[in-house]
Amino acid sequence: MREHALADRPHNSLWLAKTYLFPAGMYGSQVWGTVFLQAGREFSSSLSTLHLHFLKGTLGVKRSTTNWAVLRECGHEPVQFYWFRSAVKLFNSMLNTNSVTLRRVVQADLFYNLSSIAECFSRTSWMRVICTSCSNWTCYSHARVYCGFEA
Amino acid sequence: MERRGVGGPNTHINKLATINHSWFAIPFSINERMPTTVPQYLHLDLSKHVLRNISRFRLRAHTLKVEAAAWFEDGSHVCDQCPGEDEHVQNEVHALLFCQDRRVCELRKHFSFLFTPFSEDFSAAQPFLLQQVNDQLVLDFLSQQNTKLFLFLSELLDLFAAGRDQSAADQPNNLAEGHPPL
């Protein structure tokens, strides 16, 4: 970065961050990232804070600048978007797996989490968080804010 | 200091995001793999000061009255640069097109080639507009492919920032969103 003076070109910094930092920040996110997938928790994680800190520092704006506007200005999506996508990919691959055992486990877990028994015991289980996030149209509502449709 | 607002902090933030989308946001690309485009000024070889000024202007992180007033209970949105009795809200569009301050008018005359394609009312004798304009004209003006536009924006912000307390705009970023210092 310093050798080629890339830090003086914000576009390069933003592109490099998208290429190298996002994959690093997604390691194992299918497991630990699900707690941040729900609506209203876009900027709750410390990684998301670091991401916005980097973007605001690159642009040179104060920390109170609107997060969504900063993301749009830099052409970045919130980290939550990538975590959500990777979690859904894992979920889909489990549904389409050729392992009979794994398929039965997924079906049982789904049945358990969608039944009333789960209301009492497992509000924060992986499967339940995924199902809730999908049913709440999380990504849809986030996309509306990101695109500027939400006033 | 607390933000002033009737609808709560989320309303204020959404309003800022809407303004940003109306006046400054680059339209989405049809390329599904890369739907967002980075603004032109981030690609250019501009000084850090100019880059920062443009970012501040586009993201409403400046010290114009419309933003500064949100931080103070007795804050006023009215432009204190305009001569005369009329009260105008000092926002980005006002600074760009309507403010009648002598120094701002001189700056617009210097960069008159940026304005003439967009408004027939603009002239050397009257380097400001009197009629309201729509959001699309502002977006078109700020999207024009002329690198001089960014120098104009930077100098414009410097004019409005002169003599004002910059402590709010210069606050460090290492505390963003309550994150501990790195």
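If you're matching them up, the sequences are chains F and E in order. Counting in this note's numbering, the first sequence runs from -12 upward without gaps. Counting in this note's numbering, the second sequence runs from 42 upward without gaps. No residue lacks a Cβ here, since even glycine has one placed at the ideal position from N, Cα and C. For clarity, every value in this text was computed on a predicted model and none was experimentally measured.
What in chain F is Cβ-close to residue i, meaning under 8 Å?
i     : result
E:S96 : L46, G47, V48 and E60
E:R93 : L46, G47 and V48
E:H84 : R(-4) and H(-2)
So the candidates are the options; which of them puts its Cα closest to the Cα of residue i?
i       : options                            : result
F:G44   : F:Q94, F:N79, F:S0 and F:Y69       : F:S0
E:Q81   : E:F201, E:L198 and E:F191          : E:F191
E:N61   : F:K5, F:C61, F:S120 and F:A26      : F:C61
E:L170  : E:S184, E:Q185 and E:S153          : E:S153
F:V48   : E:A110, E:F113, E:A66 and E:K89    : E:K89
E:S160  : E:S184, E:L178 and E:Q186          : E:L178
E:N132  : E:T78, E:C120 and E:G125           : E:C120
E:R201  : E:G125, E:L85 and E:N94            : Contrary to the premise, residue 201 of chain E reads as Phe rather than Arg in this sequence. Considering only alpha carbons, the answer is E:N94.
E:L87   : E:A203, E:T188 and E:D199          : E:T188
F:H(-2) : E:L92, E:A165, E:S63 and E:A66     : E:L92
F:S35   : F:H(-9), F:F9 and F:M114           : F:F9
E:I67   : E:A203, E:Q186 and E:D199          : E:Q186
F:L37   : F:V18, F:A26, F:G15 and F:A11      : F:A11
F:S32   : F:Y99, F:L46 and F:F68             : F:F68
F:Q17   : F:W70, F:L82, F:A95 and F:V87      : F:W70
F:V116  : F:V75, F:L82 and F:V87             : F:V75
F:C121  : F:A26, F:Q94, F:T88 and F:D96      : F:A26
E:L85   : F:R28, F:T53, F:T52 and F:L(-7)    : F:L(-7)
F:M114  : F:F78, F:R50 and F:G15             : F:F78
E:K150  : E:P158, E:A165 and E:T157          : E:A165
F:E55   : E:T59, E:D176 and E:N175           : Per the sequence shown, the amino acid found at residue 55 of chain F is Trp instead of Glu. The shortest Cα separation from F:W55 among E:T59, E:D176 and E:N175 belongs to E:T59.
F:L46   : F:F98, F:E(-10), F:R(-4) and F:L97 : F:R(-4)
Determine the chain F residues that contact residue i at a beta-carbon separation under 7 Å, and present them in chain order.
i      : result
E:V134 : Chain F residues near E:V134: none, gap ~16 Å exceeds 7 Å.
E:R99  : E60
With a threshold of 7 Å, establish whether the CB of residue i neighbours any heavy atom of the ligand ADP.
i     : result
F:V75 : The model on display carries no ligand, and the ligand ADP is accordingly not part of it.
Our contact map puts residue i next to residue j with C-beta atoms below 8 Å; I'd like the distance itself, whole angstroms only.
i      : j      : result
E:C140 : E:Q122 : 6 Å
E:F98  : E:L180 : With 8 Å as the limit, E:F98 and E:L180 do not qualify as a contact, their Cβ atoms being about 14 Å apart.
F:M13  : F:S73  : 6 Å
E:L100 : F:V57  : 6 Å
E:L197 : E:A110 : About 19 Å; that fails the 8 Å criterion.
E:D162 : E:Q172 : 7 Å
E:L183 : E:F65  : 6 Å
E:V134 : E:H118 : So it is not a contact: roughly 13 Å between Cβ atoms.
F:N100 : F:S112 : 6 Å
F:T84  : F:R90  : 6 Å
Starting from residue i, find everything on chain E with Cβ-Cβ shorter than 9 Å and list it in chain order.
i     : result
F:P10 : By Cβ distance, chain E contributes nothing, its closest Cβ being about 16 Å from F:P10, past 9 Å.
F:L1  : V79 and L83
Can you tell me which residues form a DSSP beta bridge with residue i?
i      : result
E:V119 : E:V130
Give the interface partners of residue i over in chain E, defined as CB-CB distance under 7 Å, in chain order.
i     : result
F:V57 : L100
Evaluate contact between the stretch 138 to 145 of chain E and the stretch 94 to 106 of chain E, counting only Cβ atoms and requiring at least three cross-stretch pairs below 8 Å. no
Report yes or no: do three or more beta-carbon pairs, one from the stretch 28 to 42 of chain F and one from the stretch 58 to 78 of chain F, lie closer than 8 Å? yes
Segment contact, 8 Å Cβ cut-off, at least three pairs: the stretch 0 to 14 of chain F with the stretch 63 to 78 of chain F: yes
May I ask you to verify whether the stretch 65 to 76 of chain E touches the stretch 21 to 41 of chain F, counting CB pairs closer than 8 Å and requiring at least 3? no
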